[in-house]
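Trainee:
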């Protein structure tokens with residue numbers, strides 16, 4: 005049985021969940037809440053590590069896809085470390101979100 009979250013862990017879990025649904029960047033959410041962006045990332049990492057070592061208890065995570073081009077003929081390049089994926093057309097948003105989430109978890 006997983007250990008219950010401490011008050012501090014519950015607070016950061018709530019912030020991470022709110023950041024995920026926030027209509028803006030992580031930096032904008034942190035500024036609006038008076039938080040450090042680095043703290044949000046640190047706690048996200050902490051919960052992701054805890055999730056990997058636990059028996060599957062859900063932890064907060066967020067993936068934000070930002071389109072900087074309002075053109076339907078837009079292309080996309082994803083960069084992760086030394087790897088680049090280039091798309092001549094925008095892929096389906098759900099597929100893209102799944103790809104990014106899987107990449108962040110690996």
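In the working numbering, the protein residues as written are 5 to 110. By construction, the Cβ of each residue, glycine as well, lies at the ideal position given by its N, Cα and C atoms.
For a test of your reading of the model: does the CB of residue 52 fall under 6 Å from any non-hydrogen atom of the ligand FMN? Yes or no.
Mentor: Ligands in the displayed structure: none, and consequently the ligand FMN is not present.
Trainee: Beta-carbon within less than 7 Å of residue 47's beta-carbon, same chain only, minus the 5 sequence neighbours each way: which residues are those?
Mentor: Within the chain shown, numbered from 1, the residue matching residue 47 stands at position 43. Excluding residues within five positions, the ones whose Cβ falls inside 7 Å are 16, 20.
Trainee: Ends of the alpha helix (DSSP H) at residue 17?
Mentor: Position 13 of the chain shown, counting from 1, holds the residue named residue 17. Taken as a continuous stretch (DSSP letters only), the alpha helix (DSSP H) holding residue 17 covers 11-25.
Trainee: How many angstroms separate the CA atom of residue 41 from the CA atom of residue 29?
Mentor: Stepping through the chain shown from its first residue, residue 41 is reached at position 37. Stepping through the chain shown from its first residue, residue 29 is reached at position 25. Going from the Cα of residue 41 to the Cα of residue 29 covers about 10 Å.
Trainee: In whole angstroms, what is the alpha-carbon distance linking residue 93 and residue 108?
Mentor: As a first step, residue 93 is located in the chain shown; it is residue number 89 there, counting from the start. As a first step, residue 108 is located in the chain shown; it is residue number 104 there, counting from the start. Between residue 93 and residue 108, the C-alpha separation is close to 23 Å.
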